[in-house]
Amino acid sequence: MIDAHHHLWKLSRADYGWIGDARNPALAPIERDYLVEDYRSLAAENGISGSIVVQAAQTVAETRWLLDQARASNGLIKGVVGWIDMAAGDAPDLLRDLANEPLLRSIRPMLQEIADVEWILQPKIVPALHAVKELDLSFDLLVRPAYLKAALTFLTRNPDLVAIFAANDGMALGAVEAARAAGKDKIVIVGVDGNSDAVKSIKDGRLNASVAQLPYLVGKQAVENVKKALAGSEVQGDIAVPTLVLTKEVLDAGKEPMLQYVK
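So the sequence shown is numbered by our numbering: it starts at 31 and just counts up by one.
See below:
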């Protein structure tokens, strides 16, 4: 099994912006280094034979650091989704330099955090986009509803786009509508969450798939383990909860036991 999206971080690198300064109490459980060896043990426990690691900071230093981690993973990390400033004048040359490492497989410009909803359409990024195609890299197009019009134009300008992986179902469903409006109903689009809107879209033959994270099962296991702890029983420090890839075939068959947790 391949884990198609996970992160690593080392807080002393101090370029993340969202973690590392203890200002967000909600992040306290993960406010520590999370490195290859931490991931390796979880991967082994869950039958994961390879992974794609994704940037968690918007810096070139992050991309280079992740490539270093991938090289040191002894084959566990199969690819890196990195970041560069695609509007920079040296972006094409930087991409070519980074792509000398075959483990670089995609670039993610974090569109959903850019205030200009038409950023993706600016002429300054065209040379970098050409380099992405030249180097046979993927391009992560993360969009929220406000970005759909620009995403539609982007898809029209780039007819060789073949697949979109979205970081959640909202983005995936937005990509479905943009792709359909552009007449590109053959593009494979996969989301994450497995929410009710995604399930309906999959059943209707629009969204190709969604990776359900099964929050109902997470809650169920949490309550069961709290009861154990209150009763004085030992509870594991780390508890892995399975995920489920929802496709039309899986939903139509209705035989997968974990479907009971898809709410």
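No residue lacks a Cβ here, since even glycine has one placed at the ideal position from N, Cα and C.
Predicted model only: the values in this text are computed from it and were never measured.
Please confirm whether residue i and residue j have their CB atoms less than 7 Å apart.
i      : j      : result
VAL110 : LEU141 : no
ALA196 : GLY235 : no
ILE219 : ALA208 : no
ALA242 : GLY224 : yes
MET31  : ILE78  : yes
ALA100 : ASP45  : no
GLU75  : ALA270 : yes
ALA180 : GLU148 : yes
LEU38  : LEU57  : no
THR183 : LEU151 : yes
LYS257 : VAL265 : no
LYS233 : LEU281 : yes
LEU133 : LEU97  : yes
For the alpha helix (DSSP H) containing residue i, list its first residue and its last residue.
i      : result
ALA180 : 178-187
THR273 : First-last for THR273: undefined, no H or E at that position.
ASP127 : 121-128
LYS108 : Per DSSP, LYS108 belongs to no alpha helix (DSSP H); it is in the beta strand (DSSP E), 107-112.
ARG210 : 199-211
LEU295 : The requested residue 295 is not part of the displayed model; the chain covers only 31 to 293.
GLY262 : No alpha helix (DSSP H) contains GLY262, which DSSP labels as neither H nor E.
ILE232 : 226-233
VAL292 : Careful: VAL292 lies outside any alpha helix (DSSP H) and carries neither H nor E.
ASP282 : 278-283
Which term fits residue i, buried or exposed, when burial requires 16 or more other beta carbons within 10 angstroms of its beta carbon?
i      : result
ALA323 : Limits of the chain in this structure are 31 at one end and 293 at the other, which puts residue 323 out of reach.
ALA102 : exposed
ASN130 : exposed
SER240 : buried
ASP170 : buried
SER231 : buried
GLY112 : buried
PRO139 : buried
ASP33  : buried
Let's see if you can read the secondary structure: which residues bound the beta strand (DSSP E) around residue i?
i      : result
ILE144 : Taken as a continuous stretch (DSSP letters only), ILE144 belongs to no beta strand (DSSP E), as it is neither H nor E.
ASP33  : 32-36
SER136 : 134-137
ALA117 : Premise fails: ALA117 is in no beta strand (DSSP E) and is neither H nor E.
Is residue i near the ligand SAM, judged by its Cβ being under 6 Å from some heavy atom?
i      : result
PHE184 : The ligand SAM is not part of this structure, which contains no ligands at all.
Ignoring anything shorter than 3 residues or poking outside the segment 44-105, list the beta strand (DSSP E) runs there in chain order. 80-84
Under 8 Å: do the segment 114-127 and the segment 66-74 share three or more Cβ pairs, one atom per stretch? no
Does the segment 282-292 come into contact with the segment 239-258, if we say contact requires no fewer than three beta-carbon pairs (one atom in each stretch) closer than 8 Å? yes
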